[in-house]
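The next block holds one structure in the form of C-alpha cells; read it before the comments.
In our numbering, the protein residues as written are 119 to 323.
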C-alpha cells in the first residue's frame, strides 16, 4: 500500500452524499477539523460525482469510496479519483480487484474465519463491520491474542462516546463513524458545526 489509512487520523468519517453540491464544502469542513480521510459511500447516485469533486477541489482531503461490493465499483471509484477503498465484506473476485487497484483498501470482516482468510492472502488491514452488532470491543480484544498481525477499522454503530474504547485496543488503527455528520447540519449547510464536530473527533487520539 502506498500509505496507511490508520496513520491519517483516528476517525474516518463515513459520508452519504445525497446532493453532490454539498461534497466540496463538507470535505473542506472535515479537513479543517483534522479528519483528512473521507469515505464517500456508494449508496447514492451522487457518490461518484462527489468523489470526483472532492478529489479535484480539496487537495488536502484523502477521499475514498465505501460500500464497494463489486469489481465494477472498484474500477469506477478509482477512475473518479478515490484514493482508497472500503468494503462491508469481501469475495475472492472483489479482493482481487481491490488488490489490483493500486490504492489502499479495507476489506470488511465480521468473523474469525474471514480474518484468517485475509491474512492468508497477505492482507493485514481490515474493516470490522458491523462493529457493535458483531461483538464490539470485546470481540476485537479476543482476536488480538491469536491474530495480533490483523489490524482493524471498526465501523457500524460507533459514537463519540464509544470510539475511545475501540481506539484503546492494540489491534485498532482507527474507527469509522457518522456522528460528526448530523443530517440537520448538512441540510442547513452548517459547515462550521461539522468542522467543530470533526475537530472533537480528531482529538480522540
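Quick reminder that beta carbons are idealized off the backbone N, C-alpha and C, glycines included.
Here the structure is a predicted model, which means the values were calculated and not measured.
Check	Outcome
Output the distance between the C-alpha atoms of residue 272 and residue 228, rounded to the nearest integer angstrom.	10 Å
Run through the region 264 to 317 for me and flag every whole alpha helix (DSSP H) of 4 or more residues, listed as ranges in chain order.	281 to 285, 301 to 305
For the region 198 to 213 against the region 169 to 176, are there 3 or more C-beta pairs whose distance is under 8 Å?	yes
Between which two residues does the alpha helix (DSSP H) containing residue 193 stretch?	189 to 198
Assign residue 243 to one of two classes, buried (16 or more other C-beta atoms within 10 Å of its C-beta) or exposed (fewer than that).	buried
In the DSSP output, what is residue 245 paired with across the bridge?	226, 271
Does residue 282 pass the burial test, meaning 16 or more other C-beta atoms within 10 Å, or should it be called exposed?	exposed
Go to residue 176, then tell me how far its beta strand (DSSP E) extends in each direction, as first and last residue.	Note, residue 176: premise wrong, no beta strand (DSSP E); not H, not E.
Any chance the region 135 to 143 sits against the region 233 to 249, with 3 or more Cβ pairs inside 8 Å?	no
Hey, how far is the Cα of residue 162 from the Cα of residue 294?	19 Å
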